[in-house]
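First to last, the sequence lines map onto chains A and B.
Quick note: the first sequence uses numbering that gives the first Met the number 0, first residue 0, plus one each step.
Quick note: the second sequence uses numbering that gives the first Met the number 0, first residue 0, plus one each step.
Ideal Cβ placement from N, Cα and C applies to all residues, glycine included.
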Amino acid sequence: MRYLPLEANDRRTMLDRIGVANIDDLFAAVPADKLMHELPDVPNTASEMAVEQQLKRLSSASVSAGDVPFFCGAGAYRHHVPASVDHLIQRSEFLTSYTPYQPEIAQGTLQVLFEFQTQVALITGMDVANASMYDGSTATAEAVLMAHRLTRRKKALVSGGLHPQYRDVITTLSHHGGDLVTALPPDATGSEDIISAIDDATSCVVVQYPDFFGSVRDLSAIAKAAHDKGALLVVAVTEIVSLGALKSPGEMGADIVAAEGQSIGNGLNFGGPYVGLFACRQKHVRQMPGRLCGETVDADGKRGFVLTLSTREQHIRREKATSNICTNSGLCALAFTIHLTLLGERGFTQLAAINHANAVALADALSGVPGVEVLNDAFFNEFTLRLCKPGHQVVEALAEKGVLGGVPVSRLEPERQELADLVIVASTELNSDEDRSEFVAALKEVLA
Amino acid sequence: MSMNRQGRPTTPSTLAANQTDAESSSGEETFSGHKGLQHEEGLIFERGRSDKTGVDLADPLPVEPRLGGLARQNPIGLPGLAEPETVRHYVRLSRMNYAIDSGLYPLGSCTMKHNPRLNEKMARLPGFGDVHPLQPQSTVKGAIALIEMLAGYLMELTGMPAIAMSPKAGAHGELAGMLAVKAAHDAAGDTDRRIVLVPESAHGTNPATAAFAGYSVRTIEARADGTVAAQSVKDALGPEVAAIMLTNPNTCGLFEPEVVDIADAVHEAGAYFYCDGANFNAIVGKVRPGDLGIDAMHINLHKTFSTPHGGGGPGAGPVVLSEALAKFAPLPFLTSENGRTRLVETLSEAESLGADPFGRLTAFHGQMGMFVRALSYMLSHGADGMRQASEDAVLAANYVRAGLRDVMSQPFGDQPCMHEVLFDDKFLKDTGVTTLDFAKAMIDEGYHPMTMYFPLVVHGAMLIEPTESESLASLDNFIATLRNLAQAARDGQKQRFTAAPRFTPRRRLDETQAARQPVLRWTPPVQEKEAAE
């Protein structure tokens, strides 16, 4: 087996040195009747070539996004990732290192995390950010739990504009911890009145920006209303590129920003691994979940970086920790940081402008198709269509024509008949005029 | 014209002979601050400019913006670098990291085994890496087939009938398992069970997870040999106990010999057995946890199945479940009908299939990129290779034990271990050298330290997991180095330890200062700020 350096004579030498006759003597603590005699029922060793051939066959059984006009979003977005990003994250020293618990030999990872935290704080308009979470959905749920700790209240008020799966993650974690969630019904038109639902028991108001259906709205009034009642504003962002074009959540009064960072540096990967971004106000930092990297000096007085405030974490605090999170999303955070460094402010804002313009062009083109209504007045790179036919049927029919034309809302909200004719459509810098034309032509045929 | 026939000097002797000791010491500073291959590297915020970019982008289409009056007005302050600058910056940073690829990385419990590059290549195949989680399921048959195949392998290797694939890491898998336990008790109307038993040697994530799931923790003490006695578990069980969370092989590197009795006792008391699978890599192909009576176990794909640790993630923590817990598995899950497999993503569809999921732990379907890597590892090894890997891991740990048992101290006596061997700091008694000092001295010798001060039950713990990826020569060098260090400590060479590490980009860092006055982000120097205002 090519990955195992030991050979039969090495093993013999080692057993002799240990002083046992055979390998199973080292497994003596295992009850004898539980030790397997047969091998597990899976195939034996395969060559690199054979594995590659087998997995390539499987891969080719899917339609990959790059092969067709592609317009899916709803929490995951297809952007161009520069080749240097993927090269750099495969550097051995980044790829095959552990969590930087020995800072003297992990300054590379630690400095990256410090840069990452700073970048995340800057684009969200917040004071501080942590070293990443699993993804946007878990980051949002952790934000709710953090708000509960800060306010000593137990009720989260969740906007109908929040991604339904994010809402479900919040509900799952809250339910089992004995906390309450009030979730407003899905809000496809961005017109809900969430302010009047805030009360003295509300620990936080959770809104998405731009929301699940693509709409953008000013959150300042919600922030003020929440703060007036002693509650916090949690802003979830699933498309982080939007913050290159839009006012930041921090500027509108957010207390915690939980975001999905996949759009920068990371591919679609069928849903994971992604990278959760988590930012908050300086005064709340000690209730933050997850790892934090901080600046310090070494014995010679030189600037260096370490993991810090670990007394919040499970490996020190055990059952009193702020979260049970251990592993985060280090390599995806690295990809995020490298891509954002390549972009810089100029590239980031231009990328956002291109995304927005492509989406506007697409919305205009699609709204000319009979049987199509665009629901959003204001949006970033994603919007919702109301169709004259059920959304999931239309999307399936488009797929048969070789167009991946968005996400039917019924995929996530099958119970809600009023949403059955809605499809969420996204457009990024990767969409060309030809893509748009093909989408329009295919949609015309499907709806005719 | 005469040729210079002398050429450059080709032996170092003339230069070296003139050098004094002081000049050759590592403490010497250079003009540039760099030292040979080791470069000092500032932050991007000190090097980049917000008007600079390393990406060529087209001009946006000329459209009237529809941002609802929310267009960003203020600058962000993000620095940009050209591509060569970016590449050099991150390459230089990378060189300040220790990595498996560069040396033995014996972090006990973390399993730093070789990360095959084939796995990276496979994860980037477009049918896995470039598919959207919400594309029509009819267009992602290959991706779904891969998840199904991996799920099948994991169930076969663990001997368990069900699996939840979506947890994003080990602790997330623990949470999935414990919430399934809670849902099962709730469904049975058994809602008074508020306690979870956790041995004191457990990973910190276990009690944290139990608390996260709304439980209180009751600690079980280990006995003198480092394992948990079935009797201690029996004594702690009662009608208020929901589950036990037990790591097996445990965090002392030992297989729990009474695990079957423990499982029986737990079930008899109406509780469930959660097994922390962090150390599954010791027993793949040797023992099936399902045969031991467990109800749930997460599998760290980033430990046992070689997906890269990436400087702290991403991981993946699928959790296998017993028949009793299967129907409570979280969304999404796979189901097969007439040879067609699909993802069940919503509660209504799950209920129509008779399932009763406790909820959803993450958006989408889990760590696909890690699934591909893990399956690539499994296919490469095969059944025989995976068993051999477990055996080699156990063999290597015991070889290290045999090589060090006379110079270091073992807290539970000299007994066979599984894939990791545990030492304590008794051998450092009266030397003035601590476990931390010993670890830092290992760094100077070119090794990553072992896991230190864990498990908490052992004083000054040093948990060494060499993994199956090391050759005999590598293990011999490692043993020789640790023997030398142990001897040096006893010989009173305290300075070699307390001053260590001396040959690293940074020497010991002041963690107290970092925590007291947290600086968690870069801010512009004050003078510049004032000048700008």
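### Query
Ordered along the chain, which non-local residues of its own chain (more than five positions away) have a Cβ less than 7 Å from that of W521 (chain B)?
L42 and F44
### Nearest-angstrom Cα separation, counted from S219 (chain A) out to T171 (chain A)
29 Å
### Message
Only counting the same chain, and skipping five residues up and downstream in sequence, which positions put a Cβ closer than 6 Å to that of F335 (chain A)?
### Response
Contacts found: G260, I263, G264 and V274.
### Message
8 Å is my cut-off, CB to CB: does I219 (chain B) come that close to chain A?
### Response
no
### Task
Provide the residue span of the beta strand (DSSP E) that contains Q207 (chain A), from first to last.
T201 to Q207
### Message
Please identify, using Cβ separations under 7 Å, the residues of the segment 205 to 220 of chain A that lie next to chain B, in order along the chain.
### Response
Flagged, chain order: V215, R216 and D217.
### Query
So the beta strand (DSSP E) R339 (chain B) belongs to, where does it begin and stop?
R339 to V343
### Query
Hey, does L178 (chain B) have any beta-carbon neighbour from chain A nearer than 8 Å?
Between L178 (chain B) and chain A, the shortest Cβ-Cβ separation is below 8 Å.
### Message
Going by DSSP in three states, V29 (chain A) sits in which element: helix, strand or coil?
### Response
coil
### Task
Can you tell me which of A:D217, A:L232, A:H226 and A:F115 puts its alpha carbon nearest to the alpha carbon of L245 (chain A)?
A:D217
### Query
If we cut at 8 Å on Cβ distances, does Q230 (chain B) have a partner in chain A?
no
### Task
Answer yes or no: do Q313 (chain A) and G203 (chain B) have a C-beta to C-beta separation smaller than 8 Å?
yes
### Query
Are three or more beta carbon pairs between the segment 413 to 422 of chain A and the segment 179 to 194 of chain A nearer than 8 Å?
yes
### Message
For L330 (chain B) and Q486 (chain B), I'd like the C-alpha separation in whole angstroms.
### Response
55 Å
### Task
Compare the beta carbon distance of C292 (chain A) and T310 (chain A) with 8 Å and say whether it is the shorter of the two.
no
### Task
Step through the CB atoms of chain A and report whether any lies within less than 8 Å of the CB of P500 (chain B).
yes
### Query
Can you give, in chain order, each stretch of the alpha helix (DSSP H) that sits fully within the segment 186 to 255 of chain A and has at least 4 residues?
Secondary structure within the segment 186 to 255 of chain A: the alpha helix (DSSP H) runs of 4 or more consecutive residues, fully enclosed, are 219 to 227 (chain order).
### Task
Under the assumption that E103 (chain A) contacts L508 (chain B) (Cβ atoms under 8 Å), give the Cβ distance between them as a whole number of angstroms.
7 Å
### Query
So, do the segment 194 to 203 of chain B and the segment 291 to 308 of chain B have three or more beta carbon pairs nearer to each other than 8 Å?
The segment 194 to 203 of chain B vs the segment 291 to 308 of chain B: no contact.
### Query
Under a CB-based cut-off of 8 Å, is H174 (chain A) close to chain B?
yes
### Task
Determine the direct distance from the alpha carbon of P288 (chain B) to that of H418 (chain B), and round the result to whole angstroms.
16 Å
### Task
Under 7 Å between beta-carbons, which chain A residues line up against M367 (chain B)? List them in chain order, please.
N268, F269, G270 and G271
### Message
Could you check whether the Cβ of A21 (chain B) sits closer than 8 Å to any Cβ belonging to chain A?
### Response
Here the model assigns A21 (chain B) a pLDDT of 46, short of 50, so the residue's position is not dependable and the matter cannot be decided.
### Query
Quick one: what's got a C-beta closer than 7 Å to A229 (chain B)'s C-beta in the same chain, skipping five residues either side?
E257, D260, I261 and A264
### Message
Can you give me the C-alpha to C-alpha distance between N43 (chain A) and S214 (chain A), rounded to a whole angstrom?
### Response
53 Å
### Query
Can you list the alpha helix (DSSP H) stretches of 4 or more residues lying completely in the segment 445 to 494 of chain B, in chain order?
471 to 489
#### Entry: Test: G126 (chain B) CB closer than 8 Å to a CB of chain A
yes
### Below-8 Å beta-carbon distance, S158 (chain A) vs any chain B residue
no
#### Entry: Of the residues A:V233, A:N357 and A:F304, the one placed nearest N430 (chain A), counting alpha carbons only
Measuring from the Cα of N430 (chain A), the nearest candidate turns out to be A:N357.
### Message
Any beta carbon of chain B sitting closer than 8 Å to that of K301 (chain A)?
### Response
yes
### Task
Could you list the residues in the segment 100 to 111 of chain B with a C-beta less than 8 Å from some C-beta on chain A, going in chain order?
D100, S101, Y104, L106, C109 and M111
### Task
Assign E257 (chain B) to one of three DSSP states: helix, strand, or coil.
coil
### Task
Tell me, please, which residues DSSP counts as bridged to K154 (chain A).
Under DSSP, K154 (chain A) forms a beta bridge with A:L179 and A:T201.
### Message
At a CB distance below 7 Å, what residues from the segment 80 to 105 of chain A approach chain B? Give them in sequence order.
### Response
P81, S83, L87, Q89, R90, S91, E92, F93, L94, T95, S96, Y97, T98, P99, Q101, P102, E103, I104 and A105
### Query
Roughly how many angstroms separate the alpha carbons of S137 (chain B) and P125 (chain B), rounded to a whole number?
16 Å
### Task
Would you mind giving the Cβ-Cβ distance between A183 (chain B) and F370 (chain B), rounded to the nearest angstrom? I have them listed as a contact below 8 Å.
Incorrect: roughly 26 Å between the Cβ atoms, too far for contact.
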